[in-house]
Amino acid sequence: MTASPSARTAQTGTLEKTGKPKLAFRPLPVPQVDVHGFWGDRADAVAARTADILYDRCVEARMLEQIDPDRPSPGLVIPFHSPSPDEAERQGAEFTGSTVTTQMFWDSDLGKTIETAAYSLYRRKNPELEKKIDAVIDMYGRLQQPDGYLSSWYQRIQPGLRWTNLRDCHELYCAGHLIEGAVAYYQATGKRKFLDIMCRYADHIASVLGPEPGKKKGYCGHEEIELALVKLARVTGEQKYMELAKYFIDQRGVEPHYFDEEARARGADPKAYHFKTYEYNQSHKPVREQDKVVGHAVRAMYLYSGMADIATEYGDDTLRTALDRLWDDLTSKSLYITGGLGPSAHNEGFTSDYDLPNESAYAETCAAVGLVFWASRMLGMGPNARYADMMERALYNGSISGLSLDGSLFFYENPLESRGAHNRWKWHRCPCCPPNIGRMVASIGSYFYSLADDAIAVHLYGDSTARFDISGVPVSLTQASRYPWDGAVGITLEPQAPVEFTLHLRIPAWSASAGLTVNGDAVSLADVTSDGYAAIRRIWKKGDQVRLDLEMPIERLYANPQVRQDAGRVALSRGPLIYCVEATDNDSQLHRLTLPRTASVEAQQRPELLGGVVTLSAVARSDAGDGWQSGLYRPEPPATAETRLTAIPYFAWDNREPGEMLVWLRDG
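Sequential numbering of the sequence shown, starting at 1, is according to UniProt numbering.
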């Protein structure tokens with residue numbers, strides 16, 4: 001499906017001047033990038049299976065009954081089908097009994113489902129799914145109140161209480177995801193009905209919340225709307241939505257604290273807060289004063305993403321300074337090697353510095369997706385590999401591990417060690433992760449490239465074609481590569497007329513050496529590289545060829561000694577991929593394996609395995625169990641034997657029979 005001309009115009013709508021620097025970079029909209037190869041396969045799986053599955057699961061959970069104004073209000077508890085025995089085994093404790101409580105955040109799940117469907121429809125025609133999504137949009141249109149307000153929870157479940165509990169009840173969070181769904185549906189299909197609905201709602205929100213006299217000085221307890229309003233501003237060209245996003249960022253954590261005042265207004269004690277501290281939702285102090293990543297991991301990532309958007313649009317160095325402090329804190333003290341984050345199930349977030357347990361790691365899929373969002377938006381302030389490398393790490397490891405290779409099953413938590421009982425499930429009572437990973441994969445093209453007034457930046461490598469205009473000249477840029485399995489990247493530029501601009505190419509930190517040529521002539525990377533990007537400025541002509549060759553070494557990686565859970569252990573990587581061992585590929589119990597420091601680790605192409613991967617293998621040692629049958633302890637260590645160790649990319653684990661998994665091996 002091709003977007004209409006009006007949709008294409010809206011994708012690059014012009015905002016009023018915001019004072020942003022000339023070289024602000026914005027991601028290319030999804031319809032301007034065609035992705036093939038590794039990410040194309042994943043986007044195809046989402047378009048072929050995941051998008052339909054998300055809609056069907058929403059129907060099974062009876063979400064549509066909550067938004068359909070033509071049906072009686074479902075009340076607080078609605079029936080849910082009893083899972084079959086195999087479903088119950090897969091879902092574990094996710095569904096208990098035959099009922100499920102209706103959720104205040106269901107609008108957000110439907111918004112993400114619409115967004116996933118939108119970008120999937122652009123990739124692959126699916127008239128039946130499009131018809132279903134159109135019907136959902138019609139329901140929202142009928143549900144919307146005359147003043148623009150739109151929340152199925154507060155209209156159908158708790159009427160009369162709107163705008164009374166922004167701290168706990170996801171009102172603006174849901175609005176944000178619906179806005180993002182509306183923007184996506186407009187971009188992908190050219191249909192603007194949902195976009196108009198959400199513009200009316202955004203206008204209503206701006207009439208209720210803001211710095212002007214008589215308005216509530218509130219903001220959401222679960223950040224998200226900030227990102228959505230930036231997208232809405234960019235697609236409509238309406239600066240008022242950008243201003244509202246900026247207000248939410250600026251107001252957060254300001255004293256007197258809005259959440260305290262709001263609680264008193266509804267007759268509640270502000271101290272009677274389940275999570276005890278406003279660090280949980282990052283409102284403990286104004287955002288420019290924050291220097292430590294705390295609280296709920298997904299909320300933190302969404303907040304920092306919104307801050308980065310506003311820093312880009314307004315050229316706000318005070319936000320950039322705070323973001324760099326927070327980035328350094330996360331990446332130096334609280335991040336898993338996979339790009340996962342948030343070790344604790346208790347607060348779905350952060351605990352203390354260097355606390356990174358492996359088997360009990362929460363590492364919510366949504367949090368890794370949120371890190372991708374944040375890193376991508378930091379690139380709006382200019383190409384910098386410290387952000388792009390981390391975006392790549394989270395993309396290839398901690399996020400897509402949350403989706404099975406065929407696009408049908410999901411992880412909520414992403415541990416780095418499993419005894420075999422942690423398996424993907426069909427759905428979840430809090431189904432935020434399935435549509436979140438779905439929409440990210442479906443929109444993957446928007447993370448590959450970003451465009452400034454006279455520059456294009458290539459952040460990710462792989463088979464793809466980008467279309468954009470520079471200085472009024474249409475340009476096509478095509479990548480050819482087997483990335484991430486191979487580091488050779490060929491780029492062909494096809495401007496309709498000669499045009500001068502800068503091409504920024506990321507040189508990943510993991511690449512020990514790299515070579516660059518333009519039309520066969522070698523370019524000295526030392527002369528043109530800054531912040532991890534090679535910048536080539538020239539008048540580009542049709543058929544110009546760029547060749548980038550990245551060495552893709554196998555590396556042993558070690559954790560900071562303060563990470564007690566990884567002491568004496570080693571992990572393996574190759575290029576952007578983190579590897580793990582699974583029981584199905586190894587003879588020994590995984591905790592018995594030791595990888596000698598002298599062992600040679602070899603890469604092998606396995607086109608028949610897991611959709612085609614590169615595995616790593618080495619001769620390892622395994623503790624023997626002989627002689628231990630009669631006792632638990634003895635003075636002699638166990639005997640060891642040589643064994644062949646085989647590792648697969650972490651994202652691909654648990655796609656075969658259930659079994660043990662381990663990222664951090666004993667180091668010998």
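C-beta atoms are modelled at their ideal positions from N, C-alpha and C, and glycine is treated no differently.
Residues G420 and N423 of the same chain have their beta carbon placed closer than 6 Å to that of P658, with the five preceding and five following residues left out of the count. Secondary structure in the stretch 417 to 469: the alpha helix (DSSP H) runs of 4 residues or longer, each lying completely within the stretch, are 433 to 442 and 445 to 448 in chain order. Under the three-pair Cβ rule at 8 Å, the stretch 546 to 554 counts as touching the stretch 506 to 520.
The DSSP assignment places 225 to 236, 239 to 251 and 258 to 265 as complete runs of the alpha helix (DSSP H) inside the stretch 200 to 267, in order along the chain (cut-off: 4 residues).
In the three-state DSSP reduction, G515 falls in the strand class (E or B). R592 and T584 have their C-alpha atoms some 15 Å from each other. Excluding five sequence positions before and after D260, the CB atoms of its chain that fall closer than 7 Å to its own CB belong to P270, given in chain order. For E130, the uninterrupted alpha helix (DSSP H) run begins and ends at P127 to L143, by DSSP. A distance of 8 Å or more separates the beta carbons of Y362 and V563. Within the model, the alpha-carbon separation for P29 versus T598 is close to 48 Å. Taken atom to atom, the span from the alpha-carbon of Q187 to that of P561 is near 48 Å. For D623, the three-state secondary structure derived from DSSP is strand.
The continuous alpha helix (DSSP H) containing F373 extends over residues T365 to M378. G472 places its beta carbon 8 Å or farther from that of T50. The bridge partners DSSP lists for C174 come to none. Burial state of R266 is exposed, judged by a 10 Å Cβ sphere holding fewer than 16 other Cβ atoms.
Note that the C-beta distance between G668 and L572 is not below 8 Å. Annotated three-state conformation of F25 is coil, per DSSP.
Within the same chain, H284 come within 6 Å of Y278 by CB-CB distance, once the 5 residues on both sides are set aside. E642 carries a strand assignment under DSSP once its states are collapsed to helix, strand and coil. When DSSP assignments are scanned along the stretch 497 to 568, the uninterrupted stretches of beta strand (DSSP E) that are 3 or more residues long and fall wholly within it turn out to be 499 to 506, 514 to 518, 521 to 523, 533 to 540, 544 to 550 and 554 to 557. Collapsing the DSSP output to three states places H591 in a helix. Taking the Cα of G111 as reference, the smallest distance to any Cα among W425, L54, G612 and Q629 is reached at L54.
Assignment of beta-bridge partners to I491 by DSSP yields Q479 and V546.
Judged by their CB atoms, A457 and Y447 are not nearer to each other than the 8 Å cut-off. Contact between L356 and P343 holds: CB atoms are separated by about 6 Å, below the 8 Å threshold. Here the C-alpha atom of H170 lies approximately 15 Å from the C-alpha atom of R156.
DSSP, reduced to helix, strand and coil, places C58 within a helical segment of the structure shown. Burial check for R439: the Cβ neighbour count within 10 Å reaches 16 or more, so the residue is buried. With fewer than 16 neighbouring CB atoms inside 10 Å of its own CB, H274 falls in the exposed class. A distance below 6 Å between beta-carbons, with the five flanking residues on each side excluded, links P69 to the following residues of its chain, in chain order: R142 and L143. Around the beta carbon of G543, fewer than 16 other beta carbons lie within 10 angstroms, which makes this residue exposed. Note on geometry: alpha-carbon atoms of P211 and Y241 lie some 14 Å from one another. Pairing E313 with C174, the inter-Cα distance amounts to about 24 Å. Excluding sequence positions up to five before and after Y149, its CB lies within less than 6 Å of the CB of H204, all in the same chain and listed in chain order.
A straight line joining the alpha-carbon of A466 with that of Q479 spans about 9 Å.
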